[in-house]
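Reviewing the structure listed below.
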DNA sequence: ATGGTAGCGCTGCTA
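Residue numbers (the numbering used here): 1 to 254.
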């Protein structure tokens, strides 16, 4: 099977790009983040025409996540289990069973700055994700947790670590939160290659000033079947690209 | 230390 994750930075702006990318690569499942639209405004037709189903979790024009699948979508969960209390009711998490694999599409809060309340929100959000995965017992199942984690797990995941020392995405507590997810029994599939997945629009992306923020965490049983995990940088060599590149995961299972 | 771009929806917020 093939899975993908992509922060598209507005699905309405990027729908033609996403549809042609789906048509070219034909993954079984594509997880989307930052769709930035209400569910009724999501351009599902172009995706359905290609033989995919969509399950959406959007709210206004912020955040927004989705799962696109051609191997079925069952047991759909939107947000965290339990009461939807602000700000944890933001549209940042959707999960579903696709072709026998439990798939999560996550958009972790940015954090903004180390002294911003949003940074604490980010840490607590990651802890809630850990609780969600732990209570679900997903690590013993075939589970894939993908998305934009807004954390560069190591200094090797940053073009210039010194520059990011006092910023979010690279702080020790954020990295600990990612480690805590892995300790549940997940493997960070991009951890060996450290290929970047995000480039700031405001700086020279052509000089590869990027970060690895989009992760694919595979449960131990699923990770045993993984053949490759690659970043498709070609998807950014278009007019008006997303600031993120899609990540493609291939497993040996049918 | 700062500024640079993009998207949304309407003027500033978020990233």
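All C-beta atoms, glycine included, are put in the ideal place defined by N, C-alpha and C.
Computed from a predicted structure; not experimentally measured.
Given residue i, which residues of its chain have a CB within under 6 Å of its CB, disregarding the five upstream and five downstream residues?
i	result
residue 231	195, 197, 245, 247
residue 52	68, 70
residue 79	93
residue 233	245
residue 227	250, 252
Quick one: what's got a C-beta closer than 8 Å to residue i's C-beta in the same chain, skipping five residues either side?
i	result
residue 48	54
residue 16	46
residue 101	1, 3, 29, 142, 143, 144, 222
residue 277	Because the chain spans 1 through 254 in this model, residue 277 falls outside it and cannot be assessed.
Can you name the start and end residues of the beta strand (DSSP E) that residue i belongs to?
i	result
residue 148	143-148
residue 217	214-219
residue 200	Per DSSP, residue 200 belongs to no beta strand (DSSP E) and is neither H nor E.
residue 98	93-98
residue 105	101-107
As a quick exercise: from the options, pick the residue whose alpha carbon is nearest that of residue i.
i	options	result
residue 288	19, 90, 135	This structure leaves residue 288 out entirely; the chain is present only between 1 and 254.
residue 73	64, 35, 30, 220	30
residue 224	10, 144, 80	144
residue 134	115, 149, 183, 117	183
Since residue i contacts residue j with CB under 8 Å, what's their CB separation in whole angstroms?
i	j	result
residue 95	residue 103	7 Å
residue 32	residue 139	Their Cβ separation, rounded to whole angstroms, is 24 Å, which puts residue 32 and residue 139 out of contact at 8 Å.
residue 152	residue 213	6 Å
residue 8	residue 34	6 Å
residue 107	residue 147	6 Å
Leaving out the 5 sequence neighbours to the left and right, which residues in its chain are closer than 7 Å to residue i when beta-carbon positions are compared?
i	result
residue 50	19, 22, 23
residue 175	151, 153
residue 203	209
residue 87	121
For residue i, does the three-state DSSP call read helix, strand or coil?
i	result
residue 66	strand
residue 159	coil
residue 138	helix
residue 57	strand
residue 248	strand
residue 130	helix
residue 124	helix
List the endpoints of the continuous alpha helix (DSSP H) containing residue i.
i	result
residue 176	172-183
residue 13	11-25
residue 48	45-48
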